[in-house]
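Going line by line, the protein sequences match chains A and B.
Start counting at 1 in the first sequence, then tack on 34, and there's your number in the numbering used here.
Start counting at 1 in the second sequence, then tack on 34, and there's your number in the numbering used here.
Number of protein chains: 2
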Amino acid sequence: MSIINGVNVDQLVSTVEAIKANPSLANFKFRTKTDWVEGGYSITTIQSFYGAGQEDTSRTESFTVHGDEPNVLLGTNKGPNAVEAVLSALASCLSVGFAYNAAAQGINLDALSFQLEGDIDLRGFLGLSDQVSPGYSNIRVTCRIDSDAPKDKIDALVNHVKRTSPVLDIIQRSVPVAVVVEAA
Amino acid sequence: MSIINGVNVDQLVSTVEAIKANPSLANFKFRTKTDWVEGGYSITTIQSFYGAGQEDTSRTESFTVHGDEPNVLLGTNKGPNAVEAVLSALASCLSVGFAYNAAAQGINLDALSFQLEGDIDLRGFLGLSDQVSPGYSNIRVTCRIDSDAPKDKIDALVNHVKRTSPVLDIIQRSVPVAVVVEAA
Numbered sequence: 035m036s037i038i039n040g041v042n043v044d045q046l047v048s049t050v051e052a053i054k055a056n057p058s059l060a061n062f063k064f065r066t067k068t069d070w071v072e073g074g075y076s077i078t079t080i081q082s083f084y085g086a087g088q089e090d091t092s093r094t095e096s097f098t099v100h101g102d103e104p105n106v107l108l109g110t111n112k113g114p115n116a117v118e119a120v121l122s123a124l125a126s127c128l129s130v131g132f133a134y135n136a137a138a139q140g141i142n143l144d145a146l147s148f149q150l151e152g153d154i155d156l157r158g159f160l161g162l163s164d165q166v167s168p169g170y171s172n173i174r175v176t177c178r179i180d181s182d183a184p185k186d187k188i189d190a191l192v193n194h195v196k197r198t199s200p201v202l203d204i205i206q207r208s209v210p211v212a213v214v215v216e217a218a
Numbered sequence: 035m036s037i038i039n040g041v042n043v044d045q046l047v048s049t050v051e052a053i054k055a056n057p058s059l060a061n062f063k064f065r066t067k068t069d070w071v072e073g074g075y076s077i078t079t080i081q082s083f084y085g086a087g088q089e090d091t092s093r094t095e096s097f098t099v100h101g102d103e104p105n106v107l108l109g110t111n112k113g114p115n116a117v118e119a120v121l122s123a124l125a126s127c128l129s130v131g132f133a134y135n136a137a138a139q140g141i142n143l144d145a146l147s148f149q150l151e152g153d154i155d156l157r158g159f160l161g162l163s164d165q166v167s168p169g170y171s172n173i174r175v176t177c178r179i180d181s182d183a184p185k186d187k188i189d190a191l192v193n194h195v196k197r198t199s200p201v202l203d204i205i206q207r208s209v210p211v212a213v214v215v216e217a218a
């Protein structure tokens, strides 16, 4: 069994081969359930998903995510806020992308870290200006890669991850969101 | 002091008035730091941000977010994955938007919950097809609102939140992301 960067490369290769033979195995549906508590505070649970042709059964318990706002935004700091959670998701996604693709290419990573910062003008959220987008105007990612691989291999890895990162794509592309409201 | 939905409406009104008088108070910078651990597992810490004209000092400790992949995606289920975290962030954002804007309009919410599902074809992430976007192709949000407010007020609230939600905007719009890589 070949393990690089904590990734089972044999399993990675067999997964890719299985999807090449049956592309429908690549269709996944991820899900979350969120209950508002009060003010800016909400609790999300995450457990089930569909993928590789079946409902997943590997998670015996759900994950719980707490979201809140800081005091200056009328919250009580019970968790990071939603736009901070977006940055966290982006860095988590890039982390997986670097670790897995490096493993596939035989590149050992000694360490990998990310610092992210996003600029937002809250006049959009507050409905004070139609000229201001509610979300981030810009996001900056600084990525520090510690590896003894040659620079051209690292550069190619970076370009591959930038092309294929799901969360980077979700942020950089316009993704359709359908919102349905049910009255209780 | 007027509290609706757990939101201090007096503070909300005074915040909006302060920003109308000095729009630069609405400029916020949010930040995250992420360390890859191994395989699909990473740990993000979230604490500092800039906003309302200064560095925030309200958080005495950082928040910690664990990201990982499920077994079928070569991970060890130490946390939700990055695209699940995006759905969680979206629901958290909509939750804040409903609670705050309802409070501002004098609408009492008895309960509020969200179920989200996103479709993704992992051939994009795996680099198996240039025709497949790496991120979600579609996201569906089902929102359940329990309130005795009249339907037309709830409809107007929904439309306002859909126009002004930061994370909904980040997902639906194309947001520029600059990635800089530092070799260690």
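C-beta atoms are modelled at their ideal positions from N, C-alpha and C, and glycine is treated no differently.
Spatial distance of residue i from residue j (CA atoms)
i: B/Gly152; j: B/Val195; result: 20 Å
i: B/Val215; j: B/Gly113; result: 26 Å
i: B/Phe97; j: B/Thr79; result: 6 Å
i: B/Val211; j: B/Glu51; result: 32 Å
i: B/Ser208; j: B/Met35; result: 40 Å
i: A/Ala138; j: A/Ser48; result: 12 Å
i: B/Ile188; j: A/Gly73; result: 18 Å
i: B/Tyr134; j: A/Val192; result: 40 Å
i: B/Asp182; j: B/Phe132; result: 14 Å
i: B/Ser171; j: B/Ile141; result: 34 Å
i: B/Phe62; j: A/Gly169; result: 11 Å
i: B/Gly161; j: A/Val43; result: 16 Å
i: A/Ile77; j: B/Ser199; result: 18 Å
i: A/Ser163; j: A/Ile154; result: 13 Å
i: B/Ile179; j: A/Lys54; result: 43 Å
i: B/Asn111; j: A/Phe83; result: 13 Å
Amino acids of chain A, ordered along the chain, whose beta-carbon sits closer than 9 Å to that of residue i
i: B/Asn172; result: Val209, Pro210, Val211 and Ala212
Contact list for residue i against chain A, beta-carbon separation under 8 Å
i: B/Gly158; result: Thr198, Pro200 and Asp203
Backbone secondary structure at residue i - three-state DSSP
i: A/Val166; result: coil
i: A/Asp186; result: helix
i: B/Ala145; result: strand
i: B/Gly152; result: strand
i: A/Gln81; result: coil
i: A/Ser171; result: strand
i: A/Ser58; result: helix
i: A/Lys67; result: strand
i: A/Arg157; result: coil
i: A/Gln206; result: helix
i: A/Asp90; result: coil
i: B/Asp102; result: coil
i: B/Thr110; result: coil
i: A/Glu51; result: helix
i: A/Asn193; result: helix
i: B/Ser181; result: coil
i: A/Asn115; result: coil
i: B/Asn42; result: strand
i: B/Ser129; result: helix
i: B/Ser76; result: strand
Range covered by the beta strand (DSSP E) that runs through residue i
i: A/Val214; result: Val211 to Ala217
Minimum Cβ-Cβ distance from residue i to chain A less than 8 Å
i: B/Asp186; result: no
i: B/Gln165; result: no
i: B/Ser126; result: yes
i: B/Ser36; result: no
i: B/Ser147; result: yes
i: B/Ala52; result: no
i: B/Ala55; result: no
i: B/Val120; result: yes
i: B/Val99; result: yes
Neighbour flag for residue i against chain B, beta carbons, 8 Å
i: A/Val175; result: yes
i: A/Asn61; result: yes
i: A/Val106; result: yes
i: A/Ile141; result: no
i: A/Asn42; result: yes
Partners in chain B for residue i, counting only beta-carbon separations shorter than 8 Å
i: A/Asn111; result: Ser92 and Arg93
i: A/Val117; result: Phe64, Ala123, Cys127, Pro200, Val201 and Ile204
i: A/Val192; result: Val213 and Val215
i: A/Asn39; result: Glu72 and Gly73
Residue i: CB within 7 Å of a non-hydrogen atom of the ligand SAH
i: B/Glu95; result: Ligands displayed in this structure: none; no statement on the ligand SAH is therefore possible.
Chain C contact residues for residue i, given Cβ-Cβ distances below 7 Å
i: A/Ala136; result: Going by chain labels, chain C is absent from the structure shown, which instead holds the protein chains A and B.
Within chain A, partners of residue i - CB distance below 7 Å
i: B/Val130; result: Gly74, Glu103 and Ala116
Residue i: contacting residues in chain B (beta-carbon distance under 7 Å)
i: A/Glu89; result: Within 7 Å Cβ-Cβ: nothing; A/Glu89 doesn't reach chain B, min ~11 Å.
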